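Single-structure report; data block below.
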Amino acid sequence: MAAAAGVLLVLTAAVLPVLLLLGGGGAPPYSCGPRSPSSGYAFCDARLPPARRAADLVSRLTAAEKVAQLGDEAGGVARLGVPPYKWWSEGLHGLSYWGHGMHFNGAVTAITSFPQAIGTEARALYNLGQAEGLTIWSPNVNIYRDPRWGRGQETPGEDPTTASKYAVAFVKGLQGSTPGTLQTSACCKHATAYDLEEWNGVTAQDLADTFNPPFKSCVVDAKASCVMCAYTDINGVPACASSDLLSKTFRGQWGLDGYVSSDCDAVALLRDAQRYAPTPEDTVAVAIKAGLDLNCGNYTQVHGMAALQQGKMRESDVDRALTNLFAVRMRLGHFDGDPRSNAAYGHLGAADVCTQAHRDLALEAAQDGIVLLKNDAGALPLDRATVRSAAVIGPNANDPAALNGNYFGPPCETTTPLQGVQRYISSVRFLAGCDSPACGFAATGQAAALASSSDQVIMFMGLSQDQEKEGLDRTSLLLPGKQQSLITAVASAARRPVILVLLTGGPVDVTFAKNNPKIGAILWAGYPGQAGGLAIAKVLFGDHNPSGRLPVTWYPEDYRFYQGNPVYKFGYGLSYSKFSRRLVAAAKPRRPNRNLLAGVIPKPAGDGGESYHVEEIGEEGCERLKFPATVEVHNHGPMDGKHSVLVFVRWPNATAGASRPARQLLVGFSSQHVRAGEKARLTMEINPCEHLSRAREDGTKVIDRGSHFLKVGEEDDEWEISFDA
């Protein structure tokens, strides 16, 4: 399916709520109205459970009508008053052109474009008749492992804990909190071990420790109503044909209440590319029987009847899939009559789209996501009273498309970085400097001359969708073309240290800029959405104190098998204020309740130590092992600001052979706004069974016997937590 855009992650406890936007004008599609031919059937009885209603509807369909429901463009059943339905819509950071379900050609022609990948504006334009579905195939919660990956920009980053918390907030925002009713259906993608398309030799430990936690959080904690299986071939079995994954894990272990969709054309690829099944009929059968409910594409619709007729699968296999699908549509209210009469969402209209509150939220998100990577000698914030003239240079300075990333829709409004700077300084001269972000041609001499005649130079460089997107992984981590030489020449010619702003999705090797004293500050803005230009300007001129942290490690160009220091590490981000942090509590939890572990016998851990099996501790024991970790944050000034607190666990004498991180692992994060000169406290719950455990090679979760140490960021202060019955 289509993908790629920019990730702009704020390491904060709150991810943007997803707004419910509906409008009035056209008639939305629905079933079970007062004059519907099906109004007397059980599937129209809103008092019944969704699964029972869905089963009743499925029982009334012919085999051909059933097969017609198995693709993302599902056919209607006129005799039962069931309209066609389009399952595929996107909402990574705002409603999107991608997919088939959304239309922007009616009363609503624009929607709020948030930063990638922070928040989403959805419920679609259903009441307007501008939407043919309410199933949003977002979020992307894959783990970003290879910095060259073109789709990494859609994800929350490289860390499973971060991705898991992001997943829960995103799904809850999309699906809402009305009991028994979905405001939209969220779909967590792409399960599992998906970044460079194919993994051979993925261990159960890899799945349990790294790849599966965000998907588990989607289903168990956020109650996501969909999981999408990936193109990935895991140890010889395609994800969309794996009953272990789709049925045993998603439904059996995690309790998925919803449907499983394939990535687009993934079923066709089972035969055409992966050669997993000999015929189209076998291919459809193996996927449906494994637990797949819906195919993005029409392969199952084209070959499903033949698969039934040839006995490759049973009609009951199809019934199971359709019951899952229709149950979600029941929860969306598609079989409760006119949705404009819905008590929770029916009153919303076109006036609720692109409101000032939504625009303010987009600006807030963009501001909070900007990461200050370098600020030598207080180069930032700029004092506009002393900057009489500014040169704005770079191919990303005045291109609205540079703000969008991928999966975008028509934004309400757009403020480019150039326009943002112009709000603060009246005398601004602009030069693109490159023909495009690819920078095959650079106007180096002209740019240097402009720099030498201006009080301040701000450069807006980076990448675009021509360098990173789905199907286009980078071969280099360096800035494209002649960008580096242009930046260096401009910095050399400038009167003051240059400010470098990077608009990218993935990380780039900017070692040259980090080490160049003529480059005073570096900002990373990701792809910041419609308000990105204003957000950047507010940070540049001190109206917002940056608090963003990097969601991925920035490696040097020769990163493969790299053991040295990165350019910038995961979680890095500066502020205009000096903050300090320390762990505080009335009594530090040096040793968990011995009685809880007294009946649990530690077993050999395989690396010379011993460990307690989480399964043997039990759900009740794990609940009672939880304890609070309180962090005191002190803002030493000079500005008020938000501070992101990252709590890690480390193990003494940890080695790679111990099948756990060699240094430390993130276990929690939160943020706190603190006034200059003041202190504040925030508390996180630590669940040892989740946060202090690790997966063995067979995927079994264990807590190592002995000491574990909690620490905050780079502070020296630690808590020792001992597990020893």
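Under mature numbering (1 follows the signal peptide of the UniProt record, and there is no 0), the residues of the sequence shown are numbered -26 to -1, 1 to 699, in order. Here a beta-carbon is modelled for each residue, glycine too, at the ideal position from N, C-alpha and C. All of these numbers come straight from a predicted model, not from anything done at the bench.
For this session: Within 10 angstroms of the Cβ of phenylalanine 415, are there 16 or more other Cβ atoms? Answer buried if so, exposed if not.
Result: As a first step, residue 415 must be located in the sequence shown, where it is residue number 441. Classification of phenylalanine 415: exposed, given that the 10 Å Cβ count is below 16.
For this session: Can you say whether glutamine 149 is buried or exposed, counting buried as having 16 or more other CB atoms within 10 angstroms of its CB?
Result: Translated into positions along the sequence shown, residue 149 becomes position 175. Counting Cβ neighbours within 10 Å, glutamine 149 comes out buried, since at least 16 surround it.
Exercise. Which residues in the same chain have their Cβ closer than 8 Å to the Cβ of aspartate 120, if we skip the five residues on either side of it in sequence?
Worked result: Within the sequence shown, residue 120 is the residue found at index 146, counting from 1. For aspartate 120, where only same-chain residues beyond five positions count, the Cβ hits under 8 Å are Gly126, Asp169, Leu170 and Asp447.
Exercise. Where DSSP assigns a beta bridge to histidine 682, which residues make up the other side?
Worked result: In the sequence shown, the residue the question calls residue 682 occupies position 708. Looking at the DSSP assignment, histidine 682 forms a beta bridge with Ile695.
Problem set entry | Straight-line gap, valine -20 to valine 366 (C-alpha atoms, nearest Å) | As a first step, residue -20 must be located in the sequence shown, where it is residue number 7. As a first step, residue 366 must be located in the sequence shown, where it is residue number 392. The pLDDT assigned to valine -20 is 30, lower than 50, so where the model puts this residue is not dependable; a value taken from the coordinates is nonetheless given after this. Using only the alpha carbons, I get a separation of about 24 Å.
Problem set entry | Sub-8 Å separation of leucine 284 and leucine 44 beta-carbons | Your numbering for residue 284 matches position 310 in the sequence shown. Your numbering for residue 44 matches position 70 in the sequence shown. The sequence given here places glutamine at residue 284; leucine does not occur at that position. No, these two residues do not count as a Cβ contact at 8 Å.
For this session: Following the continuous alpha helix (DSSP H) through isoleucine 461, name the residue where it begins and the one where it ends.
Result: Counted from its first residue, the sequence shown places residue 461 at position 487. Taken as a continuous stretch (DSSP letters only), the alpha helix (DSSP H) holding isoleucine 461 covers 457 to 467.
For this session: Mark serine 551 as exposed unless 16 or more other C-beta atoms lie within 10 angstroms of its C-beta, in which case mark it buried.
Result: The count along the sequence shown starts at 1 and reaches residue 551 at position 577. By the 10 Å Cβ count, serine 551 comes out buried.
Exercise. Secondary structure at glutamate 606, three-state DSSP: helix, strand or coil?
Worked result: Taking the first residue of the sequence shown as 1, we reach residue 606 at position 632. Three-state result, glutamate 606: strand.
Problem set entry | Option in Leu54, Ser87, Arg403 and Gly14 with minimal Cα separation from leucine 69 | One-based indexing of the sequence shown puts residue 69 at position 95. The candidate whose alpha carbon is nearest that of leucine 69 is Ser87.
Problem set entry | Counterpart residues of glutamate 64 in DSSP-defined beta bridges | Reading the sequence shown from its first residue, position 90 is the one you call residue 64. Answer is none; glutamate 64 lacks a bridge partner.
Problem set entry | DSSP-derived helix/strand/coil call for alanine 630 | Position 656 of the sequence shown, counted from the start, is the residue given in the question as residue 630. Summary for alanine 630: the model assigns pLDDT 43, below 50, so the residue's position carries little reliability, and this model does not support an answer.
Exercise. Between the C-alpha atoms of glutamine 396 and threonine 129, what's the straight-line distance to the nearest angstrom?
Worked result: The sequence position of residue 396 within the sequence shown is 422, counting from 1. The sequence position of residue 129 within the sequence shown is 155, counting from 1. Straight-line Cα distance between these residues: approximately 32 Å.
Problem set entry | From Arg556, Cys386, Ser410 and Leu524, residue whose alpha carbon lies closest to that of alanine 505 | Taking the sequence shown and counting its residues from 1, the one referred to as residue 505 is at position 531. It is Cys386.
For this session: Would you give the residue range spanned by the alpha helix (DSSP H) that glutamine 537 belongs to?
Result: As a working note, residue 537 is residue 563 in the sequence shown. Element bounds for glutamine 537: n/a, residue is neither H nor E.
Exercise. Cα separation between glutamate 692 and valine 605?
Worked result: Position 718 of the sequence shown holds residue 692. Position 631 of the sequence shown holds residue 605. Rounded to the nearest angstrom, the two C-alpha atoms are 11 Å apart.
Exercise. Excluding the five sequence neighbours on either side, which residues of its own chain have a C-beta within less than 6 Å of the C-beta of residue 771, listed in chain order?
Worked result: In this structure the chain extends from -26 to 699, so residue 771 is not present and cannot be described.
Problem set entry | glycine 45, DSSP secondary structure in three states | The count along the sequence shown starts at 1 and reaches residue 45 at position 71. Strand.
Exercise. Alpha carbon to alpha carbon, what distance is there between lysine 40 and glycine 55?
Worked result: For the purposes of this step, residue 55 is taken as residue 81 along the sequence shown, with counting starting at 1. For the purposes of this step, residue 40 is taken as residue 66 along the sequence shown, with counting starting at 1. Between glycine 55 and lysine 40, the C-alpha separation is close to 15 Å.
Problem set entry | Euclidean distance between Cα positions of threonine 158 and aspartate 334 | For the purposes of this step, residue 158 is identified with residue 184 of the sequence shown, where counting begins at 1. For the purposes of this step, residue 334 is identified with residue 360 of the sequence shown, where counting begins at 1. Approximately 23 Å, taken between the alpha carbons.
For this session: Kindly list the residues whose CB is nearer than 6 Å to the CB of cysteine 408, restricted to its own chain and excluding five residues on each side of it in sequence; keep chain order.
Result: Position 434 of the sequence shown, counted from the first residue, corresponds to residue 408. Counting only Cβ-Cβ distances below 6 Å, and skipping sequence neighbours, we find Pro369 and Ala416.
Problem set entry | arginine 34 - DSSP class collapsed to helix/strand/coil | In the sequence shown, counting from the first residue as 1, residue 34 sits at position 60. If DSSP states are grouped into helix, strand and coil, arginine 34 belongs with coil.
Exercise. Is asparagine 380 buried or exposed, if buried means 16 or more other CB atoms sit within 10 Å of its CB?
Worked result: On the sequence shown, residue 380 is found 406 positions in, with the first residue counted as 1. With 16 or more Cβ atoms within 10 Å of its Cβ, asparagine 380 is classed as buried.
Exercise. Touching or not, the region 533 to 541 and the region 584 to 595, by the rule of three or more beta carbon pairs under 8 Å?
Worked result: no
Problem set entry | Residue of Thr223, Pro355, Pro212 and Lys263 minimising C-alpha distance to aspartate 239 | Here residue 239 corresponds to residue number 265 of the sequence shown, with the count starting at 1. Closest by alpha carbon: Pro212.
Exercise. Roughly how many angstroms lie between the CA atoms of leucine 219 and serine 235, to the nearest whole one?
Worked result: Residue mapping note: residue 219 aligns to position 245 of the sequence shown, counting from 1. Residue mapping note: residue 235 aligns to position 261 of the sequence shown, counting from 1. Those two C-alpha atoms are separated by around 13 Å.
Exercise. Contact between the region 397 to 404 and the region 351 to 363: three or more CB pairs below 8 Å?
Worked result: yes
Problem set entry | Segment contact flag, the region 456 to 473 with the region 415 to 431, C-beta cutoff 8 Å, min 3 pairs | yes
Exercise. Buried or exposed: which applies to glutamate 652, given that a residue is buried once 16 or more other Cβ atoms fall within 10 Å of its Cβ?
Worked result: Locating residue 652 in the sequence shown gives position 678, counting from the first residue. So glutamate 652 counts as exposed.
Exercise. If you draw a straight line from the alpha carbon of threonine 257 to that of alanine 281, how long is it in whole angstroms?
Worked result: Counted from its first residue, the sequence shown places residue 257 at position 283. Counted from its first residue, the sequence shown places residue 281 at position 307. Going by the C-alpha atoms only, they are around 9 Å apart.
Exercise. By a C-beta neighbour count over all protein chains shown, 10 Å radius and 16 as the cutoff for buried, is alanine 264 buried or exposed?
Worked result: The residue given as residue 264 occupies position 290 in the sequence shown. Burial call: buried.
For this session: Please determine, among Arg122, Thr485, His518 and Arg245, the residue with the shortest C-alpha to C-alpha distance to glycine 445.
Result: One-based indexing of the sequence shown puts residue 445 at position 471. For glycine 445, the nearest C-alpha among the options comes from Arg122.
Exercise. When the Cα atoms are used, what is the spatial distance from aspartate 429 to arginine 470?
Worked result: Along the sequence shown, one-based indexing puts residue 429 at 455. Along the sequence shown, one-based indexing puts residue 470 at 496. So the two alpha carbons sit approximately 7 Å from each other.
Problem set entry | Burial state of histidine 321, where buried means 16 or more other Cβ atoms lie within 10 Å | In the sequence shown, residue 321 corresponds to position 347, counting from 1. So histidine 321 ends up on the exposed side.
Exercise. Do the region 345 to 358 and the region 492 to 500 make contact, defined as three or more Cβ pairs closer than 8 Å?
Worked result: yes
Problem set entry | Burial state of threonine 657 (16 or more Cβ within 10 Å) | Walking along the sequence shown from the start, residue 657 turns up at place 683. Answer is exposed; the Cβ neighbour count stays below 16.
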